[in-house]
Amino acid sequence: MKYTGSVIKYGDNVDTDVIIPARYLNTSDHKELASHCMEDLDKTFVSRVKQGDIITAGQNFGCGSSREHAPIAIKASGVSLVIAKSFARIFYRNAINIGLAIVECPAAAEEISEGDTVEADLDNGIIRNITAGKEYKTAPFPDFVQKIIENGGLMQAIVNEAF
Amino acid sequence: MAMTMTQKILAAHSGRESVSPGELILADLDLVLGNDITSPVAIKEFAKLGKDSVFDKDKITMVMDHFAPNKDIKAAEQCKMCRDFCGEKEITHFYDVGEMGIEHALLPEKGLVTAGNAVIGADSHTCTYGALGAFSTGVGSTDMACGMATGKAWFKVPSAIKFNLTGSLRRYVSGKDVILHIIGKIGVDGALYRSMEFTGEGLSSLTMADRLCIANMAIEAGAKNGIFEADDITLDYIRQHGGAEPVVYSADPDAEYDEVIDIDLSEIEPTVAFPHLPENAKTFGSIGDVKIDQVVIGSCTNGRLEDLIAAAEIMKGRKAAKNVRVIVIPATQQVYLDAMEMGLLRTFIEFGAVVSTPTCGPCLGGYMGILAAGERAITTTNRNFVGRMGHPESEVYLASPATAAASAVTGRITSPWEVMGK
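Line by line, the protein sequences are chains A and B. Be aware that the first sequence starts at 108, since it is given in the working numbering, and climbs by one per residue. Be aware that the second sequence starts at 128, since it is given in the working numbering, and climbs by one per residue.
Right under this line is the structure:
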């Protein structure tokens with residue numbers, strides 16, 4: 108899979124409470140969740156995010172609550188990919204399960220700047236910062252996880268009897 | 128190959144002799160849990176499969192605890208969706224208002240988890256049941272849906288950190304202080320993707336309430352699970368609560384751990400985590416004059432009877448400081464009833480506290496104690512992220528029931544030792 112977009116950059120320990128505050132968890136409507144995405148961390152996110160944008164972040168992105176509403180809100184906002192130094196484990200599996208592309212790449216997450224245009228080719232494990240002309244290598248997903256992604260999420264993989 | 132406790136349980140649940148860290152496995156589940164916030168998403172995902180029934184109606188549980196009794200119309204719709212699904216699928220363990228409690232206090236009390244089980248829950252604090260010697264971990268709603276349909280979940284076998292406990296806790300110090308101390312030491316991602324395994328001679332001095340509290344917050348260090356080696360205290364608890372036959376897994380003597388951390392329980396002091404991360408742990412030498420507006424005693428971390436007893440001991444015969452709102456939330460109906468029969472509710476009310484029906488309510492900024500901009504709360508809950516209990520400019524300080532109660536007496540963050548002596 109290939110992704111190209113402009114970067115919105117955050118720091119370490121972005122928790123799922125700031126990605127989607129619990130006061131909005133009385134719904135599971137994707138668009139409504141997206142309309143409050145990042146609200147307690149970055150009030151400008153909703154107005155400036157564009158289809159295809161890429162989020163970069165530091166350590167432990169998505170820590171805290173297991174709410175799947177968090178990756179749902181990010182995906183429904185139009186974000187195509189999240190690159191972080193590391194992900195909290197529940198967020199990591201939730202993102203894979205719902206088909207939000209994510210990748211761990213500490214060097215890329217550190218060096219890529221807000222507003223840079225980035226192209227990622229996850230099949231071949233390459234992230235290119237087009238603005239800065241720099242390239243990073245990432246580890247490919249294990250086969251099992253790749254199967255989930257290829258099937259468009261965990262439920263579809265089960266329907267397709269992929270395992 | 129030598130295995131940790133967690134690895135042994137995962138091997139047994141995936142039909143293998145042994146597993147090693149990093150391996151991806153599909154494990155059989157003994158219990159799949161959801162609540163009124165995460166289950167609606169799971170129910171929608173489940174519907175995509177077009178299956179008429181769940182894998183086992185006795186091995187799924189839904190607890191209406193987060194926004195129940197319903198805080199608004201949307202919350203009511205979500206609970207209704209769960210209620211209808213559980214009715215239609217004949218789910219045995221559906222807990223609604225009147226029977227429900229905060230899920231992670233309720234399930235052990237109802238005997239739904241036993242030692243050696245593999246459990247997933249669409250709630251991050253599902254790691255609580257590690258206190259019973261089970262492998263138990265939080266997942267999202269899609270994993271819950273998959274679990275309900277197939278009885279299975281995929282896992283990457285974790286490596287582990289071993290916590291070797293020695294000594295015993297001092298008076299007015301509890302499991303909450305231990306886990307805040309540990310998170311302060313290793314950080315909010317200190318155990319990322321890994322197990323936290325608790326063992327050592329100090330275990331015997333920890334009550335089940337202490338252990339449930341410590342395992343509950345393993346997620347706050349990023350851990351996949353926290354697990355306590357089951358001993359007589361665990362087995363007695365499981366028997367008393369009518370749990371299924373326990374299977375005790377001990378780590379192999381030569382099991383490999385990424386790290387071994389020694390914790391002398393007798394050195395732990397009352398500890399408070401400052402905003403806005405649970406790793407910002409401080410002890411009273413370095414806590415200045417921090418005035419508070421609200422105190423919350425409750426939650427899946429600290430809403431058990433032992434927690435209420437600890438708070439009531441300090442509140443008895445005293446009054447809440449002026450302009451401090453004190454909210455006490457027994458975690459389950461049974462805890463509520465026991466607290467009533469012990470006279471604790473009278474102590475709380477005479478102190479000036481309100482006592483609520485069980486709910487997660489204020490812990491996640493849902494309802495029943497939301498903070499305004501600039502307000503501060505000391506609470507026995509588990510997270511102090513930005514906006515966790517209300518306005519993004521409010522502040523949450525995490526502490527034990529004893530420290531929260533002592534702070535309610537003075538109106539500032541206060542050690543129980545200051546009010547009660549050592």
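We put the CB at the ideal spot given by N, CA and C, even for glycine. These figures come from a predicted structure and were not determined experimentally.
Partner residues on chain B for MET262 of chain A, Cβ-Cβ distance less than 9 Å: Walking along the first sequence from the start, residue 262 of chain A turns up at place 155. Under the 9 Å cutoff, chain B gives GLU172, PHE173, LYS175, LEU176, THR269, ALA272, CYS273 and ALA276.
Local conformation of THR123 of chain A per DSSP, three classes: Reading the first sequence from its first residue, position 16 is the one you call residue 123 of chain A. Correct three-state label for THR123 of chain A: helix.
Boundaries of the alpha helix (DSSP H) in which THR530 of chain B is found, first to last residue: To locate residue 530 of chain B, count along the second sequence from 1; it is residue 403. Annotation: the continuous alpha helix (DSSP H) that includes THR530 of chain B extends over 528–537.
is_contact[PRO213 of chain A, chain B] using C-beta, thresh 7 Å: Position 106 of the first sequence, counted from the first residue, corresponds to residue 213 of chain A. Chain B contact via Cβ: absent.
Presumed contact (8 Å Cβ cut-off) between LEU156 of chain B and ALA245 of chain B, rounded CB distance: Taking the second sequence and counting its residues from 1, one reaches residue 156 of chain B at position 29. Taking the second sequence and counting its residues from 1, one reaches residue 245 of chain B at position 118. For a cut-off of 8 Å, the C-beta gap from LEU156 of chain B to ALA245 of chain B is around 6 Å, short enough to register as a contact.
Residue span of the beta strand (DSSP E) that contains SER113 of chain A, given as start and end: Locating residue 113 of chain A in the first sequence gives position 6, where the first residue counts as 1. Here the beta strand (DSSP E) through SER113 of chain A covers 109–116.
Same chain, Cβ closer than 7 Å to GLY327 of chain B, five either side skipped, listed in chain order: Translated into the one-based positions of the second sequence, residue 327 of chain B becomes position 200. If you ignore the 5 residues before and after GLY327 of chain B, its C-beta comes within less than 7 Å of the C-beta of ASN291, LEU292 and THR293, all in its own chain and listed in chain order.
Simplified DSSP state of GLY302 of chain B, which is helix, strand or coil: Here residue 302 of chain B refers to the residue found at position 175 when the second sequence is read from its first residue. Under the three-state reduction of DSSP, GLY302 of chain B is assigned to helix.
Extent of the continuous alpha helix (DSSP H) to which ASN343 of chain B belongs: One-based indexing of the second sequence puts residue 343 of chain B at position 216. 335–343 is the extent of the alpha helix (DSSP H) around ASN343 of chain B.
Partner residues on chain A for TYR320 of chain B, Cβ-Cβ distance less than 8 Å: Counting from 1 along the second sequence, the entry for residue 320 of chain B is found at position 193. Going along chain A in sequence order, the residues near TYR320 of chain B (Cβ under 8 Å) are ARG196.
Chain-order list of residues whose beta-carbon lies under 7 Å from that of PRO247 of chain A (same chain, five-residue window excluded): As a position in the first sequence, residue 247 of chain A is number 140, starting the count at 1. Beyond the five residues adjoining it in sequence on each side, PRO247 of chain A comes within less than 7 Å, by CB distance, of GLY232 in the same chain, given in chain order.
Given 8 Å, three or more beta-carbon pairs between the segment 312–326 of chain B and the segment 135–144 of chain B: Too few Cβ pairs lie closer than 8 Å, so no.
Residues near MET344 of chain B by beta carbon distance below 6 Å, same chain, minus five either side: By one-based count along the second sequence, residue 344 of chain B stands at place 217. The residues are ILE306 and ASN509.
Distance CB(SER251 of chain B)-CB(GLY228 of chain B) smaller than 7 Å: In the second sequence, residue 251 of chain B corresponds to position 124, counting from 1. In the second sequence, residue 228 of chain B corresponds to position 101, counting from 1. Not in contact: SER251 of chain B and GLY228 of chain B (Cβ atoms no closer than 7 Å).
Any C-beta of chain B under 7 Å from that of GLY259 of chain A: Stepping through the first sequence from its first residue, residue 259 of chain A is reached at position 152. No, no contact with chain B.
Proximal residues to SER377 of chain B (C-beta, below 7 Å), its chain only, five neighbours per side dropped: Position 250 of the second sequence holds residue 377 of chain B. Counting only Cβ-Cβ distances below 7 Å, and skipping sequence neighbours, we find MET132 and GLU356.
C-alpha distance - THR253 of chain B paired with THR245 of chain A, whole-angstrom precision: The residue given as residue 253 of chain B occupies position 126 in the second sequence. The residue given as residue 245 of chain A occupies position 138 in the first sequence. Rounded to whole angstroms, THR253 of chain B to THR245 of chain A spans 32 Å at the Cα level.
Continuous alpha helix (DSSP H) stretch holding PHE606 of chain B: start and end: The requested residue 606 of chain B is not part of the displayed model; chain B covers only 128 to 549.
Same chain, Cβ closer than 7 Å to ILE197 of chain A, neighbours up to 5 away in sequence not counted: Locating residue 197 of chain A in the first sequence gives position 90, counting from the first residue. Closer than 7 Å at Cβ, skipping near neighbours: SER173.
Where the beta strand (DSSP E) containing VAL240 of chain B begins and where it ends: Counting from one through the second sequence, the residue named residue 240 of chain B turns up at place 113. Where VAL240 of chain B is concerned, there is no enclosing beta strand (DSSP E), given that its DSSP letter is neither H nor E.
Helix, strand or coil at PHE168 of chain A [DSSP, three-state]: For the purposes of this step, residue 168 of chain A is taken as the residue at position 61 of the first sequence. Strand at PHE168 of chain A.
Member of A:LYS241, A:LEU132, A:MET108 and A:ASP122 whose CA lies at the smallest distance from the CA of LYS198 of chain B: Numbered from 1 along the second sequence, position 71 holds the residue referred to as residue 198 of chain B. For the residues A:LYS241, A:LEU132, A:MET108 and A:ASP122, the minimum Cα distance to LYS198 of chain B belongs to A:LEU132.
Cβ neighbours of VAL125 of chain A in the same chain (closer than 6 Å, five flanking residues each side left out): Mapped onto the first sequence, residue 125 of chain A falls at position 18. Residues of the same chain with a CB within less than 6 Å of the CB of VAL125 of chain A, apart from the 5 flanking positions on each side, are ASP147 and LEU148 in chain order.
Closer than 7 Å to chain B by CB, ALA216 of chain A: As a first step, residue 216 of chain A must be located in the first sequence, where it is residue number 109. Not flagged as an interface residue toward chain B: ALA216 of chain A, since no C-beta distance is shorter than 7 Å.
Length at least 4, wholly inside the segment 160–207 of chain A: the alpha helix (DSSP H) runs in chain order: The qualifying runs are 176–183 and 196–205.
Neighbour flag for PHE168 of chain A against chain B, beta carbons, 7 Å: Within the first sequence, the letter at position 61 stands for residue 168 of chain A. So no, PHE168 of chain A is outside the interface.
Min CB distance ASP228 of chain A to chain B below 7 Å: Locating residue 228 of chain A in the first sequence gives position 121, where the first residue counts as 1. Taking Cβ atoms only, chain B never reaches closer than 7 Å to ASP228 of chain A, which makes this a no.
Cβ of THR134 of chain A within 7 Å of any chain B Cβ: Reading the first sequence from its first residue, position 27 is the one you call residue 134 of chain A. Chain B, which has a Cβ nearer than 7 Å to the Cβ of THR134 of chain A, makes this yes.
Cβ shell of ALA439 of chain B (< 7 Å), same chain only, five flanking positions each side left out: On the second sequence, position 312 is the one that residue 439 of chain B refers to. Sequence-distant Cβ neighbours of ALA439 of chain B in its own chain, meaning closer than 7 Å and more than five residues away, are LEU471, THR474 and PHE475.
Residue-level contact to chain A via CB, VAL315 of chain B, 7 Å cutoff: If you number the second sequence from 1, residue 315 of chain B lands on position 188. So, interface residue.
Assumed close pair LYS303 of chain B, SER527 of chain B - CB separation to whole angstroms, cut-off 8 Å: In the second sequence, the residue the question calls residue 303 of chain B occupies position 176. In the second sequence, the residue the question calls residue 527 of chain B occupies position 400. About 4 Å; that satisfies the 8 Å criterion.
Boundaries of the beta strand (DSSP E) in which SER154 of chain A is found, first to last residue: Position 47 of the first sequence, counted from the start, is the residue given in the question as residue 154 of chain A. Judged by DSSP secondary structure, SER154 of chain A falls outside any beta strand (DSSP E) and instead within the alpha helix (DSSP H) spanning 152–155.
Given 8 Å, three or more beta-carbon pairs between the segment 159–170 of chain A and the segment 190–207 of chain A: Judged by Cβ distances under 8 Å, the segment 159–170 of chain A makes contact with the segment 190–207 of chain A, as three or more pairs qualify.
Pairwise C-alpha distance: VAL423 of chain B and PRO465 of chain B: Numbered from 1 along the second sequence, position 338 holds the residue referred to as residue 465 of chain B. Numbered from 1 along the second sequence, position 296 holds the residue referred to as residue 423 of chain B. Per the sequence shown, the amino acid found at residue 465 of chain B is Asp instead of Pro. One alpha carbon belongs to ASP465 of chain B, the other to VAL423 of chain B, and they sit about 19 Å apart.
Start-end ranges of the beta strand (DSSP E) lying completely within the segment 154–225 of chain B, minimum 3 residues: Within the segment 154–225 of chain B, the complete beta strand (DSSP E) runs of at least 3 residues are 158–162, 187–190 and 220–222.
Bridge-paired residues (DSSP) for ILE234 of chain A: As a position in the first sequence, residue 234 of chain A is number 127, starting the count at 1. Paired residue(s): A:ALA227 and A:TYR243.
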